[in-house]
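See structure below.
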Amino acid sequence: MLLIFLYSSIFIPPFAGILTDIQKHFGIGDAKGGLLQTAFVLSYMVFAPLFGYLGDRYNRRFIMAAGVFLWSLTTLLGSFVNNYQGFLTCRALVGIGEASYSTIAPTIISDIFIQDMRSKMLALFYFAIPVGSGLGYIIGSETGRAAGNWQWGLRVTPIMGLIAVLLIIIVMQEPKRGECEGHSQLAPTSWWSDIKALARNRSFIFSSCGFTCVAFVAGALAWWGPVFIHYGLVLQPGHENDKLEE
1 MLLIFLYSSI FIPPFAGILT DIQKHFGIGD AKGGLLQTAF VLSYMVFAPL
51 FGYLGDRYNR RFIMAAGVFL WSLTTLLGSF VNNYQGFLTC RALVGIGEAS
101 YSTIAPTIIS DIFIQDMRSK MLALFYFAIP VGSGLGYIIG SETGRAAGNW
151 QWGLRVTPIM GLIAVLLIII VMQEPKRGEC EGHSQLAPTS WWSDIKALAR
201 NRSFIFSSCG FTCVAFVAGA LAWWGPVFIH YGLVLQPGHE NDKLEE
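In this note's numbering, the protein residues as written are 1 to 246.
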């Protein structure tokens, strides 16, 4: 649980923190800059249900390790790509890797804790994600500034990601599904029966729709928020030189 929390809270790829540098490097405007986030969201949306299906039937630890490895590898490769199309592809692959981790990690937490403790641990996990996003802005931009090259802002996550992969494989234990609640003989059902059961669960449907709206708004704010804050600062009286430099 500690490993999952640490990775969620610290090692979030800092793309938004260096977005203006990325746009300048590839000579793109806001439309193509926004497409980088769209590619990530679409790949995440498509592959998250797939990883949920696989996580119910195969070893979650190895699936999550593979996802974190892909996430870290494509982030690293993106820092060496010199064309926009290649960088966009890497961004989409990052979404696939993150979909595996974000989908499977909560199920592992649920199989370790029960009742009120489960809710507390899941709350801690989901609290760690925005914390990691905030740290991503700082770490990405400050690392790039210190190195004099924005690409180095993307090379922090892969180092930590490799450590996380090794810890997941070596240290983490795969909990048995349902054992903490006395259900040791759980068997996976068919994909279609899962869909029908979820469709009849009104709480799940409304929660999913609500979270989709939250993710849409929060994603747009997280991606473009730093840019608007920067524009607001340089347009203030006394910052005309900063505006010209940018």
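Virtual Cβ for every residue (Gly too), placed ideally from N, Cα, C.
Since the structure is predicted, the reported quantities are computational estimates derived from the model, not experimental observations.
Presumed contact (8 angstroms Cβ cut-off) between M64 and Y101, rounded CB distance = Counted from its first residue, the sequence shown places residue 64 at position 64. Counted from its first residue, the sequence shown places residue 101 at position 101. So it is a contact: roughly 5 angstroms between Cβ atoms.
Can you check whether the CB of G153 is closer than 7 angstroms to the CB of G248?
-> For the chain, the structure presents residues 1 to 246; residue 248 sits outside this window and is missing.
Taking V165 as the reference, give the member of D21, F69, L135 and Q23 with the closest Cα.
-> Residue mapping note: residue 165 aligns to position 165 of the sequence shown, counting from 1. Ranking the options by Cα distance to V165, first place goes to F69.
Only counting runs of 4 or more residues, tell me where the alpha helix (DSSP H) segments fall wholly within the segment 104-163, in order along the chain.
-> 115-147
Take C302 and list the residues in its own chain whose beta-carbon comes closer than 7 angstroms to its own, dropping the five residues that flank it on each side.
-> Residue numbering for the chain in the displayed model covers 1 to 246; residue 302 lies beyond these limits and cannot be assessed.
Under the three-state DSSP convention, the category M172 falls into | Position 172 of the sequence shown, counted from the first residue, corresponds to residue 172. Coil, per DSSP.
Local Cβ density within 10 Å of G17, reported as buried at 16 or more and exposed below that = Here the question's residue 17 lines up with position 17 in the sequence shown. The residue in question, G17, is buried, as its Cβ has 16 or more Cβ neighbours within 10 Å.
With I109 and F125 assumed to form a contact (beta carbons below 8 angstroms), what rounded beta-carbon distance in angstroms separates them?
-> Position 109 of the sequence shown, counted from the first residue, corresponds to residue 109. Position 125 of the sequence shown, counted from the first residue, corresponds to residue 125. Right, their Cβ atoms sit about 6 angstroms apart.
C-beta contact flag for T274 and G55 at 7 angstroms | As displayed, the chain neither begins before 1 nor continues past 246, which places residue 274 out of reach and without an answer.
Backbone CA spacing between W176 and I112 [nearest angstrom] = Numbered from 1 along the sequence shown, position 176 holds the residue referred to as residue 176. Numbered from 1 along the sequence shown, position 112 holds the residue referred to as residue 112. Checking the sequence shown, residue 176 turns out to be Lys, not Trp. Straight-line Cα distance between these residues: approximately 9 angstroms.
When you compare only the Cα positions, how much space is there between A39 and K24?
-> Position 39 of the sequence shown, counted from the start, is the residue given in the question as residue 39. Position 24 of the sequence shown, counted from the start, is the residue given in the question as residue 24. If I take the Cα positions, the gap works out to 19 angstroms.
Starting from the Cα of W223, find the closest Cα among W192, V234, I170 and Y137 and give me that residue.
-> Here residue 223 refers to the residue found at position 223 when the sequence shown is read from its first residue. Nearest C-alpha to W223: Y137.
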